[in-house]
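Novice:
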Amino acid sequence: EPEVTQTPSHQVTQMGQEVILRCVPISNHLYFYWYRQILGQKVEFLVSFYNNEISEKSEIFDDQFSVERPDGSNFTLKIRSTKLEDSAMYFCASNGQYTDTQYFGPGTRLTVL
Amino acid sequence: AQSVTQPDIHITVSEGASLELRCNYSYGATPYLFWYVQSPGQGLQLLLKYFSGDTLVQGIKGFEAEFKRSQSSFNLRKPSVHWSDAAEYFCAVGAVTGGGADGLTFGKGTHLIIQP
Chain A
1 EPEVTQTPSH
11 QVTQMGQEVI
21 LRCVPISNHL
31 YFYWYRQILG
41 QKVEFLVSFY
51 NNEISEKSEI
61 FDDQFSVERP
71 DGSNFTLKIR
81 STKLEDSAMY
91 FCASNGQYTD
101 TQYFGPGTRL
111 TVL
Chain B
114 AQSVTQPDIH
124 ITVSEGASLE
134 LRCNYSYGAT
144 PYLFWYVQSP
154 GQGLQLLLKY
164 FSGDTLVQGI
174 KGFEAEFKRS
184 QSSFNLRKPS
194 VHWSDAAEYF
204 CAVGAVTGGG
214 ADGLTFGKGT
224 HLIIQP
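Right under this line is the structure:
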């Protein structure tokens, strides 16, 4: 069964550094998402992406964040200058053209020191 | 704005007992409703979903959920829980778009503990 994959599984970085989180969505899916989950809290929507542009973004997704689909398979989330409060689990998700069911990857745990 | 409320932060049930996890939503249009499960250190696995039609939906691992529009609820049930069901359960709501890029709104989750 096809699945969403994410790398790395755990990323540790220093405050102020740039990080790039990578995702490979399910191959025939067209809609891509990033969510985050701060430890012990609920999953929060960050951004959705379709046809090489952002479709929707939450108030969390400020100028420090950017997304990109650099090739036909990868979908990345970049945080330009990490803050302590960016420490969280980041989930990538995707869905196909005719379904609203989002399939989630296993997540990347980001720790900002 | 849409919202999801899961009123129970923790629930403890004995193995073999029945289970019901509550979910209430607020949404201005016809909602998509989902239940996801998250085991410790794992990602989110889809248990079941409701789009339209039969209000009682069946999912994986023996779970079911019932959509009640009049109560704005989508409670998750299982007749007999197993120790492996111990996990965090999230209810989520999204827009019916026929394939689209709307983000899901999640509840805060219910932590299920199974007693032997």
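Taken in sequence, the protein lines are chains A and B. Going by the numbering used here, the first sequence opens with residue 1, and the numbers climb by one from there. Going by the numbering used here, the second sequence opens with residue 114, and the numbers climb by one from there. For glycine and all other residues, C-beta sits at the position ideal for the given N, C-alpha and C.
1. Given that a residue counts as buried once 16 or more other Cβ atoms are within 10 Å of its Cβ, and exposed if not, what is Gly156(B)?
2. Quick check on Met89(A): buried or exposed, where buried means 16 or more other Cβ atoms within 10 Å of its Cβ?
3. Quick one: which chain B residues come within Cβ less than 7 angstroms of Gln102(A)?
4. Which residues of the stretch 161–185 of chain B have a Cβ closer than 8 angstroms to any Cβ of chain A? Give them in chain order.
5. From the DSSP output, in three-state form, read off Leu173(B) for me.
6. Check Leu128(B) in the structure and name its three-state DSSP category.
7. Using the Cα positions of Pro25(A) and Phe104(A), report the straight-line distance between them to the nearest angstrom.
8. Closer than 6 angstroms by C-beta to Gly129(B): which residues in its own chain qualify, once you throw out the five before and the five after it? Chain order, please.
9. Among Ile38(A), Phe65(A), Ser48(A) and Tyr50(A), which residue has its Cα nearest to the Cα of Ser81(A)?
10. Evaluate contact between the stretch 105–112 of chain A and the stretch 42–55 of chain A, counting only Cβ atoms and requiring at least three cross-stretch pairs below 8 angstroms.
11. Go to His224(B), then tell me how far its beta strand (DSSP E) extends in each direction, as first and last residue.
12. Given a cut-off of 8 angstroms, decide if Gly166(B) and Glu56(A) are closer than it, judged by their beta-carbon atoms.
13. Could you give the DSSP three-state label for Arg182(B): helix, strand or coil?
14. Exposed or buried, which one is Ser9(A) when buried takes at least 16 other CB atoms within 10 Å?
15. Which word fits Tyr149(B), buried or exposed, when buried means at least 16 other C-beta atoms lie within 10 angstroms of its C-beta?
16. Using a Cβ-Cβ cut-off of less than 8 angstroms, list which residues of the stretch 129–156 of chain B approach chain A; keep chain order.
17. Quick one, which residues of the stretch 24–37 of chain A are near chain B if we go by CB-CB under 7 angstroms, in chain order?
Specialist: So, from the listed chains and residues:
1. For this step, residue 156(B) is matched to residue 43 along the second sequence. Its Cβ being crowded by 16 or more others within 10 Å, Gly156(B) is buried.
2. Position 89 of the first sequence, counted from the start, is the residue given in the question as residue 89(A). Classification for Met89(A): buried.
3. Mapped onto the first sequence, residue 102(A) falls at position 102. Those within 7 angstroms of Gln102(A) in chain B are Leu217.
4. Lys162 and Phe164
5. The residue you call residue 173(B) lines up with position 60 of the second sequence. Here residue 173(B) turns out to be Ile, not Leu, going by the sequence shown. Correct three-state label for Ile173(B): helix.
6. In the second sequence, counting from the first residue as 1, residue 128(B) sits at position 15. The residue you asked about is not Leu; residue 128(B) is Glu in the sequence shown. Coil.
7. What you label residue 25(A) is simply residue 25 of the first sequence in a count that begins at 1. What you label residue 104(A) is simply residue 104 of the first sequence in a count that begins at 1. Rounded to the nearest angstrom, the two C-alpha atoms are 9 angstroms apart.
8. To locate residue 129(B), count along the second sequence from 1; it is residue 16. So the qualifying residues of the chain are Ser193.
9. Along the first sequence, one-based indexing puts residue 81(A) at 81. Closest by alpha carbon: Phe65(A).
10. no
11. Stepping through the second sequence from its first residue, residue 224(B) is reached at position 111. Per DSSP, His224(B) belongs to the beta strand (DSSP E) from Thr223 to Gln228.
12. Reading the first sequence from its first residue, position 56 is the one you call residue 56(A). Reading the second sequence from its first residue, position 53 is the one you call residue 166(B). No, the pair does not count as a contact, with Cβ atoms beyond the cut-off.
13. Locating residue 182(B) in the second sequence gives position 69, where the first residue counts as 1. Correct three-state label for Arg182(B): helix.
14. If you number the first sequence from 1, residue 9(A) lands on position 9. Classification for Ser9(A): exposed.
15. Working through the second sequence from its first residue, we reach residue 149(B) at position 36. When all chains shown are included, Tyr149(B) counts as buried.
16. Tyr145, Phe147, Tyr149, Gln155 and Gly156
17. Tyr31 and Tyr33
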